[in-house]
């Protein structure tokens, strides 16, 4: 029986059956699709400089962790920082390369965890991770987002030297 790499004791059939059964309920499939679309539209809003559309996809008490060590913003702080970039033209563009969404257990999930690989012209490959919550209005919004640069392990000594002088 075939197995997935790194999962030598787990047959492929069980892996794919698990994924299929995970999204078999209509509510789960709908939630998964809604989270996926919300994240995609969030990135599109930034690429088009659409301030209202971008920030409407975040909870009122959302936290955004940027790439700089000092960048931990509440939503109001992030809005103030980002406002000058959102003047009807491109604020920033991150193109999704791949994405994973995990929904909380149960038939009607209200919490989702996600990670996504993103491409950016200036920064190259980045990773976004976060948590999305479904509000009382049924809409999914980002409650926590962390954006990081991806550095290959073999390049870490050079980066550490450049950043910290170590």
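In this note's numbering, the protein residues as written are 267 to 432. Where a beta carbon is used, it is the ideal one built from N, C-alpha and C, also for glycine.
Of the residues the options, the one placed nearest residue i, counting alpha carbons only
| i | options | result |
| --- | --- | --- |
| residue 442 | 396, 402, 312, 392 | As displayed, the chain neither begins before 267 nor continues past 432, which places residue 442 out of reach and without an answer. |
| residue 302 | 314, 388, 418, 397 | 397 |
| residue 338 | 420, 419, 413, 304 | 413 |
| residue 306 | 318, 317, 323 | 323 |
| residue 299 | 328, 369, 336 | 369 |
| residue 403 | 325, 347, 320, 387 | 325 |
| residue 345 | 365, 319, 405 | 319 |
| residue 321 | 304, 421, 424 | 304 |
Cβ-based burial, residue i [other Cβ within 10 Å; buried from 16]
| i | result |
| --- | --- |
| residue 407 | buried |
| residue 375 | buried |
| residue 312 | buried |
| residue 394 | buried |
| residue 382 | buried |
| residue 378 | buried |
| residue 340 | exposed |
| residue 400 | buried |
| residue 435 | Lying outside 267 to 432, the shown extent of the chain, residue 435 is not represented and no answer is given. |
| residue 271 | Because the pLDDT of residue 271 is 35, which lies under 50, any placement of that residue in the model is unreliable, and the question is left without a value. |
Residue range of the alpha helix (DSSP H) that includes residue i
| i | result |
| --- | --- |
| residue 310 | 292-313 |
| residue 318 | 317-321 |
| residue 422 | 422-430 |
Own chain, CB closer than 7 Å to residue i, minus 5 neighbours either side, in chain order
| i | result |
| --- | --- |
| residue 309 | 360, 362 |
| residue 367 | 298, 301, 302, 378, 380 |
| residue 419 | none |
| residue 347 | 339 |
Sequence-distant residues of the same chain with beta carbon closer than 8 Å to residue i, five excluded per side
| i | result |
| --- | --- |
| residue 429 | none |
| residue 315 | 351, 352, 353, 354, 355, 356, 357 |
| residue 373 | 291, 293, 294 |
| residue 389 | 333, 415 |
| residue 364 | 382, 383 |
Terminal residues of the beta strand (DSSP E) in which residue i lies
| i | result |
| --- | --- |
| residue 408 | 406-415 |
Neighbourhood of residue i by C-beta distance below 6 Å, restricted to the same chain and skipping five residues each side
| i | result |
| --- | --- |
| residue 331 | 338, 412 |
| residue 410 | 329, 396, 397 |
| residue 317 | 352 |
| residue 405 | none |
Residue i CB to nearest heavy atom of the ligand MN below 6 Å
| i | result |
| --- | --- |
| residue 310 | Summarising the ligand content, the structure contains no ligands, and the ligand MN is consequently not present. |
Which ranges does the beta strand (DSSP E) cover as unbroken runs of at least 3 residues, wholly within the stretch 336-393, from first to last along the chain? 338-340, 361-369, 377-386
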